[in-house]
Amino acid sequence: MLENISEINIVRIGKCITYSSLKEIGEKIVKSFRGMIEEFKIFHHEAPAVDTIDALLLTMILHEEIGGHILGITDADLTTQDEDEFYNTIFGGKNAMNDVAVVSTRRLEPSDVTSEANYDLYVDRTIKVSLHEVGHNFGLTDHASYKSAQDGSLCPMSRGEFNKFGYLGYVRAIIDGRGMNFCDECTQFLKKSRPFQRRFARLLKDKCDLH
Ligand SMILES: [Zn+2]
Ligand SMILES: [Zn+2]
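Just so we're aligned: 28 in the working numbering is position 28 of the sequence shown, and the numbers increase by one with no gaps anywhere.
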């Protein structure tokens, strides 16, 4: 796994986001993971229009059909088998059995995505959830939201209490609060793990991470 980690395949599933926004997402990922990710490719995956899809199933489909290090972006709700109903639908997930992370844009939409400002916010949120999930591909783990990057924004690996915020509150407080730079601890981890990234990712991610 993670043999080709310096290259990421960004796969759009559905029509949620424009090609130029996918390019922007790819560029920001390369920037935030400087030295780790050098290039990205964009794919479109034709899929039947569905309202919900199981997150792990989607990672398996993308792994089979495209392969490699993947970030899938779908406009369907991602569902899980979690027994806590609050976690039944999630913003993103990562399957430790392959190198595929998936993000759902469904709950990141401001009320009116046709306005330009709201569309920009929607893309910005998608980038932030994407950085978090790709971070898991490198073995980073969630941490509390009080850890900030040097620019004062929350680290992309920040996580808050779902039950405390609710979906919309979570998006505004945690996802909107995140920046594009990782906190010192995460940055150090990425630097140290670089020579060992393949092995580390396997050792640290022995279970699926869904939220
Ligand atoms: Zn996470
Ligand atoms: Zn961090």
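All residues carry an ideal CB built from backbone N, CA and C; glycine is no exception.
Beta-carbon spacing of residue i, residue j below 7 Å
i             : j             : result
asparagine 98 : alanine 149   : no
threonine 52  : threonine 79  : yes
proline 110   : leucine 131   : no
histidine 63  : valine 100    : yes
alanine 76    : valine 50     : yes
isoleucine 42 : leucine 22    : yes
leucine 71    : isoleucine 10 : yes
glycine 93    : alanine 55    : yes
As assigned by DSSP and simplified to three states, the class of residue i
i                 : result
lysine 23         : helix
histidine 69      : coil
phenylalanine 162 : helix
aspartate 54      : strand
threonine 105     : coil
leucine 62        : helix
lysine 207        : A caution first: lysine 207 carries a pLDDT of 48, below 50, which makes its placement in the model too unreliable to give a value.
aspartate 176     : coil
glycine 93        : strand
leucine 168       : helix
aspartate 12      : In the sequence on display, residue 12 carries arginine and not aspartate. Three-state result, arginine 12: strand.
valine 113        : coil
glutamate 46      : coil
C-beta neighbour in chain C for residue i, strict 7 Å
i            : result
isoleucine 5 : The structure shown contains no chain C; it holds only a single protein chain.
Ligand 1 heavy atom lying under 6 Å from the CB of residue i
i             : result
aspartate 99  : no
aspartate 142 : yes
Cβ separation of residue i and residue j, assumed to be a contact under 8 Å, to the nearest whole Å
i            : j           : result
glycine 135  : serine 153  : Contact doesn't hold; Cβ gap of about 15 Å is too wide.
threonine 59 : serine 104  : In fact, because the Cβ distance is near 12 Å, the residues do not count as touching under 8 Å.
serine 193   : glycine 160 : About 25 Å separates the two Cβ atoms, so there is no contact after all.
Check: residue i C-beta below 6 Å from any heavy atom of ligand 2
i                 : result
lysine 128        : no
phenylalanine 215 : Past the boundaries of the shown model lies residue 215; the chain is included only from 1 to 211, so the question cannot be answered.
lysine 191        : no
lysine 94         : no
methionine 157    : yes
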